[in-house]
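Scroll down for the structure; my scribbles are underneath it.
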Amino acid sequence: MDKDNITQGLVTVIMPAYNSEKYIEQSIESVINQTYGKWELFVIDDFSNDRTVEKVQKYHDERIKLIKLEQNSGVAHARNVGIKHANGEYTA
């Protein structure tokens, strides 16, 4: 996280995903349907070999950002990657 680029009131949601095609759309829709609209969502794909990436890419919302890791590194690493990209005042 670059503290110079923090946006006041913005909530960054970090969503690690590995072979999550069964639930990824439901998870993304849950964020989209929040009543608070000032958010960004980072879906960090941890080198899935199912249709997770394809399902995330169908969303055309500039607040949803997909980061694809080049090797499976585990959920902690995926979260850390998301934190590095976060622009929000708050992180979830």
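In short: position in the sequence shown from 1, add 1432, done, that's the numbering used here. Note that the Cβ used here is the ideal one computed from N, Cα and C, for glycine as well.
Residue i versus residue j - alpha carbon distance
i	j	result
PRO1448	VAL1463	14 Å
ALA1518	PHE1474	8 Å
GLY1514	LYS1490	20 Å
ARG1483	SER1459	15 Å
ASN1481	GLY1469	32 Å
GLU1486	TYR1522	28 Å
LYS1454	GLU1494	23 Å
LYS1516	ASN1504	18 Å
Contact under 8 Å by Cβ, residue i with residue j
i	j	result
LEU1501	ILE1476	yes
ILE1446	ARG1511	yes
GLU1461	GLY1520	no
LEU1498	VAL1507	no
According to DSSP, residues forming a beta bridge with residue i
i	result
TYR1522	VAL1443
GLU1461	Paired residues: none, contrary to the question.
VAL1475	MET1447, LEU1498
Exposed unless 16 or more other CB atoms sit within 10 angstroms - verdict on residue i
i	result
ASP1478	buried
SER1467	The question names Ser, yet the displayed sequence has Thr at residue 1467. So THR1467 counts as exposed.
THR1439	exposed
The alpha helix (DSSP H) enclosing residue i, as first and last residue numbers
i	result
HIS1509	1507-1517
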